[in-house]
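The structure appears right after this line, and notes come after that.
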Amino acid sequence: KDGKNSTSPDALPIQPTVTPALGIGGFILIVAGAVLAVIGIRNLRVQVFLSTAFLTSLGVTVLIVYVMSPPVRVAVQGAYLVAVFFTGITFGALAIVFKELTEGLGCLLGGFCSSMWLLSLKPGGLLTTTDSKSGFIGAISVAFYALSFSHHTRPYGLIVSTGISGGTAVALGIDCFSRAGLKEFWLYIWGLNDNIFPLNTNTYPITRNIRVELA
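Start counting the sequence shown at 1; every next residue gets the next number (UniProt numbering).
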């Protein structure tokens with residue numbers, strides 16, 4: 001462990017930057033997250049639209065992270081943002097049509113956000129092996145999603161989930177401007193692309209700014 005990030009606890013493996021795509025994406029995350037947290041609890045259509053949009057956008061983001069070859073040019077980042085954004089609003093709109101079937105997706109999103117929050121509580125991640133992280137994220141997500149199966153637990157599950165999901169989106173949106181490194185920490189935890197971080201990166205520090213965003 002003789003890398004820079006081992007000798008200097010607060011030195012991030014990669015230095016976050018603010019690009020036009022990240023700036024626009026951060027603004028969208030802040031606005032959509034705030035709307036989901038504040039209005040989504042009281043408005044089923046808003047909750048279904050935004051929860052589904054976030055989930056499908058997340059799916060596209062994961063795919064992009066897996067296949068991309070860093071460093072990514074600014075123009076390509078813009079193309080990625082367009083792909084993520086329009087996938088989200090397209091599936092979000094479709095979900096409203098079938099809201100009886102898609103209402104529970106808000107709980108699934110809340111479970112995913114909760115699992116990522118828990119994994120981010122320890123430098124390098126709460127769990128380190130790929131299988132344990134995947135199993136942990138899957139288990140928490142399914143547990144939250146199960147709350148939507150019964151009409152007795154669904155309202156409470158959605159109230160908690162929309163608050164957690166909205167807050168997470170706002171925190172990630174703020175991170176696009178603050179450059180604290182929370183979104184990069186998520187990429188480190190996912191471990192989908194070895195080319196994102198420098199060779200021999202074996203941990204990820206939790207800086208004071210990241211702690212603020214996690215709070």
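Where is the CB? At the ideal position from N, CA and C, for every residue including glycine. A quick note: this is a predicted structure, and the numbers were derived from the prediction, not measured.
Have a look at E103 and V48 and give me their C-alpha separation to the nearest angstrom. Cα-Cα distance, rounded: 6 Å.
Between V116 and P155, what straight-line distance do the alpha-carbon atoms span, to the nearest angstrom? Here residue 116 is Met; the residue named in the question, Val, does not match the sequence. Straight-line Cα distance between these residues: approximately 23 Å.
Taking the straight line between their C-alpha atoms, what separation do you get for I28 and G173? When rounded, the distance between both Cα atoms is 7 Å.
Please tell me whether residue 216 and L119 are closer than 8 Å, where the distance is taken between their beta carbons. The structure shown has nothing for residue 216, since the chain only spans 1 to 215.
With a CB to CB cut of under 7 Å and the five nearest residues on each side skipped, what residues in its chain are close to S150? Listed in chain order, the non-local C-beta contacts of S150 below 7 Å within the same chain number zero, local neighbours out to five positions each way being set aside.
Around the Cβ of A32, are there at least 16 other Cβ atoms within 10 angstroms (buried) or fewer (exposed)? Flag for A32 reads buried.
Straight-line Cα distance separating G157 from F144: When rounded, the distance between both Cα atoms is 7 Å.
Where does A180 sit, in a helix, a strand or coil, going by DSSP? A180 carries a coil assignment under DSSP once its states are collapsed to helix, strand and coil.
Would a C-beta distance cut-off of 8 Å place L187 and Y66 closer than the cut-off? Not in contact: L187 and Y66 (Cβ atoms no closer than 8 Å).
Could you tell me the alpha carbon to alpha carbon distance between V60 and G181, rounded to whole angstroms? In this structure, the alpha-carbon of V60 lies about 21 Å from that of G181.
So the candidates are S51, A169 and S161; which of them puts its Cα closest to the Cα of K99? For the residues S51, A169 and S161, the minimum Cα distance to K99 belongs to S51.
On the CB-based measure, 16 or more other CB atoms within 10 Å of its CB, does A21 come out buried or exposed? By the neighbour-count definition (other C-beta atoms within 10 Å, threshold 16), A21 is a buried residue.
Assuming contact is defined by CB atoms lying nearer than 8 Å, are I140 and S114 in contact in what I supplied? It is a contact, given that the beta carbons lie within the stated cut-off.
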